[in-house]
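Below you'll find the structure, written out as structure tokens, and then a few comments.
Numbering (the numbering used here), first residue to last: 2 to 111.
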């Protein structure tokens, strides 16, 4: 069964105490991404990865860190959590989406 799993599913933490939210997928996807959703706002990308050791900042990377040591895992790290980081967090994975024969993976910054 294909799965993307976040752990823990629910979390209450102490301000300033480092925490890690794991994301794992079992579909051998190259692309993984972390998003947060706040009331009245759409999904905003925090960080994304196009493969092992290849990570890049999304729209709101401040206060977060990530690593991609293995293809199936993409943990989100909050070095010093604050109340402003209270949110819904989502992890996603996919294969690269290409529209032409010469494929390049990029994020639209426009």
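No residue lacks a Cβ here, since even glycine has one placed at the ideal position from N, Cα and C.
Query                                                                                           : Result
Cβ contact check for the segment 69-89 and the segment 45-60: 3 or more pairs under 8 Å         : yes
Pair within 8 Å by beta-carbon distance, residue 84 and residue 16                              : yes
In DSSP terms, what residue 33 is bridged to                                                    : 50 and 94
Assigned secondary structure, residue 86 (DSSP; H/G/I helix, E/B strand, else coil)             : helix
In DSSP terms, what residue 45 is bridged to                                                    : 37
Assigned exposure category for residue 13 - 16 Cβ within 10 Å defines buried                    : exposed
As assigned by DSSP and simplified to three states, the class of residue 58                     : strand
Beta-carbon spacing of residue 82, residue 18 below 8 Å                                         : yes
Span of the beta strand (DSSP E), counted from its first residue to its last, around residue 12 : Here residue 12 belongs to no beta strand (DSSP E), and DSSP marks it neither H nor E.
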